[in-house]
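One structure is given here, and the rest of the page talks about it.
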Amino acid sequence: LDTLEKWVTEIFSEIPNNGLPKPSFGHLTQPFDTPEFHKLYRVVPIRKVHSLTITWALPPQEQYYRVKPLHYISWLVGHEGKGSVLSFLRKKFWALALYGGNGETGFEQNSTYSIFSISVTLTDEGYKHFYEVWFPAACFSCCFPSVWKNESVPFCLQVAHVVFQYVKMLQQRGPDQRQVIWEEIQKIEANEFHYQEQTDPVDYVENLCENMQLFKKEDFLTGDQLLFEYKPEV
Numbered sequence: 083l084d085t086l087e088k089w090v091t092e093i094f095s096e097i098p099n100n101g102l103p104k105p106s107f108g109h110l111t112q113p114f115d116t117p118e119f120h121k122l123y124r125v126v127p128i129r130k131v132h133s134l135t136i137t138w139a140l141p142p143q144e145q146y147y148r149v150k151p152l153h154y155i156s157w158l159v160g161h162e163g164k165g166s167v168l169s170f171l172r173k174k175f176w177a178l179a180l181y182g183g184n185g186e187t188g189f190e191q192n193s194t195y196s197i198f199s200i201s202v203t204l205t206d207e208g209y210k211h212f213y214e215v216w217f218p219a220a221c222f223s224c225c226f227p228s229v230w231k232n233e234s235v236p237f238c239l240q241v242a243h244v245v246f247q248y249v250k251m252l253q254q255r256g257p258d259q260r261q262v263i264w265e266e267i268q269k270i271e272a273n274e275f276h277y278q279e280q281t282d283p284v285d286y287v288e289n290l291c292e293n294m295q296l297f298k299k300e301d302f303l304t305g306d307q308l309l310f311e312y313k314p315e316v
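Plus 82 on top of the position in the sequence shown (first one is 1) and you've got this note's numbering.
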């Protein structure tokens with residue numbers, strides 16, 4: 083450690099400190115508020131694969147790194163058990179996998195905006211139904227009873243519609259009823275942090291330097307991994 087400290091001092095001590103504040107681009111609000119962003123784009127892939135990706139542009143979330151609201155939402159969206167989006171789509175043979183989240187750095191999260199995406203890997207049958215199909219609401223109430231309870235009329239069911247209805251359900255129920263889930267995520271992330279494999283020193287230093295630009299001093303080592311505070315309002 084003494085040798086490493088000596089090398090760092092020799093290499094970086096001559097770099098002048100101009101006393102300039104950290105650059106911020108927070109004044110550039112709503113960069114995706116354009117007609118081009120509010121569209122459905124179809125891309126023909128090289129290999130045979132069907133994937134539906136839904137992307138939301140959100141206000142910057144990096145200031146809430148101690149709460150990690152997007153990580154919490156991605157955990158709920160990515161759940162594969164009974165009542166989940168993926169469980170329902172698999173029962174219909176429409177999807178193989180589902181992923182939702184935010185990269186938490188770089189293009190997906192910065193001082194201007196945050197990106198949250200949900201990507202569904204579709205089957206051939208799912209691709210046929212991702213746009214529109216009619217289905218009795220009563221058959222759908224088993225997955226979303228709080229949303230479709232007492233609903234008897236048919237509605238337009240599509241893969242994208244299922245995703246939006248699940249997000250709507252989470253919004254209606256609110257975070258207060260799910261603190262136990264947040265605490266479970268907190269414990270899992272803490273265990274992964276304490277028992278993680280040793281990383282390459284170069285990669286560790288690089289990651290630490292990035293954290294120094296994003297977090298408070300006391301959170302340099304843990305700010306990108308641990309959940310610290312439960313705040314339903316966030």
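We put the beta carbon where it would ideally sit given N, CA and C, even for glycine. Quick caveat: nothing in here was measured; it's all calculated off a predicted structure.
* Asked: By how many angstroms is the C-alpha of Q261 removed from the C-alpha of K269?
  -> Start at 1 with the first residue of the sequence shown, and residue 269 comes out as number 187. Start at 1 with the first residue of the sequence shown, and residue 261 comes out as number 179. Those two C-alpha atoms are separated by around 12 angstroms.
Roughly how many whole angstroms lie between the Cα atoms of M251 and Y154?
In the sequence shown, the residue the question calls residue 251 occupies position 169. In the sequence shown, the residue the question calls residue 154 occupies position 72. Rounded to the nearest angstrom, the gap between the Cα atoms of M251 and Y154 is 15 angstroms.
Span separating the alpha-carbon of V149 from that of F170:
Translated into the one-based positions of the sequence shown, residue 149 becomes position 67. Translated into the one-based positions of the sequence shown, residue 170 becomes position 88. Annotation: V149 to F170 spans about 29 angstroms, alpha carbon to alpha carbon.
request  = Please list, in chain order, all residues of the same chain as P314 whose beta carbon is under 6 angstroms from its beta carbon, the five residues on each side excluded.
outcome  = Here residue 314 refers to the residue found at position 232 of the sequence shown. The beta carbon of P314 lies closer than 6 angstroms to those of P257 and D258 in the same chain, with the five residues before and after it left out.
Spatial neighbours of Q253 within its chain, please: CB distance less than 6 angstroms, with the 5 preceding and 5 following residues excluded, ordered by chain position.
Reading the sequence shown from its first residue, position 171 is the one you call residue 253. Here the set comprises nothing.
For this session: Pull up the CB-CB distance for G160 and Y181, whole angstroms please, since I reckon it's below 8 angstroms.
Result: Here residue 160 corresponds to residue number 78 of the sequence shown, with the count starting at 1. Here residue 181 corresponds to residue number 99 of the sequence shown, with the count starting at 1. Between the beta-carbon of G160 and that of Y181 there is about 6 angstroms, and that keeps the pair under the 8 angstroms contact cut.
**Report entry** H109, buried or exposed, once every other Cβ within 10 Å from all chains shown has been counted against 16
**Finding:** Position 27 of the sequence shown, counting from 1, holds the residue named residue 109. Within 10 angstroms of the beta-carbon of H109 lie fewer than 16 other beta-carbons, which makes it exposed.
TODO: For the beta strand (DSSP E) containing S95, list its first residue and its last residue.
DONE: Taking the sequence shown and counting its residues from 1, one reaches residue 95 at position 13. In the DSSP annotation of this structure, S95 is not part of any beta strand (DSSP E), being labelled neither H nor E.
Within 10 Å of its beta-carbon, does G208 have 16 or more other beta-carbons around it, so buried, or fewer, so exposed? Taking the first residue of the sequence shown as position 1, residue 208 is located at position 126. Its Cβ being crowded by 16 or more others within 10 Å, G208 is buried.
Return the Cβ separation of T203 and S133 in integer angstroms, given the expectation that the two are a contact with Cβ distance under 8 angstroms. In the sequence shown, residue 203 corresponds to position 121, counting from 1. In the sequence shown, residue 133 corresponds to position 51, counting from 1. About 6 angstroms separates the beta carbon of T203 from that of S133, a gap short enough to meet the 8 angstroms contact definition.
Task: Through-space distance from V131 to C238, alpha-carbon basis - done: As a working note, residue 238 is residue 156 in the sequence shown. As a working note, residue 131 is residue 49 in the sequence shown. Because the pLDDT at C238 is just 38, under 50, the model does not fix this residue reliably, and the value given afterwards should be weighed accordingly. Between the C-alpha atoms of C238 and V131 there is a straight-line separation of about 25 angstroms.
Open item on the list: Suppose you measure from the CA of T187 to the CA of V284; what does that come to, to the nearest Å?
Closed with: One-based indexing of the sequence shown puts residue 187 at position 105. One-based indexing of the sequence shown puts residue 284 at position 202. Those two C-alpha atoms are separated by around 19 angstroms.
Cα-Cα separation, T111 to R129 = Counting from one through the sequence shown, the residue named residue 111 turns up at place 29. Counting from one through the sequence shown, the residue named residue 129 turns up at place 47. Approximately 37 angstroms between the Cα atoms of the pair.
### Query
Based on the DSSP output, what are the partners of L204 in its beta bridges?
By 1-based counting over the sequence shown, the position of residue 204 is 122. Its beta-bridge partners are H132 and A177.
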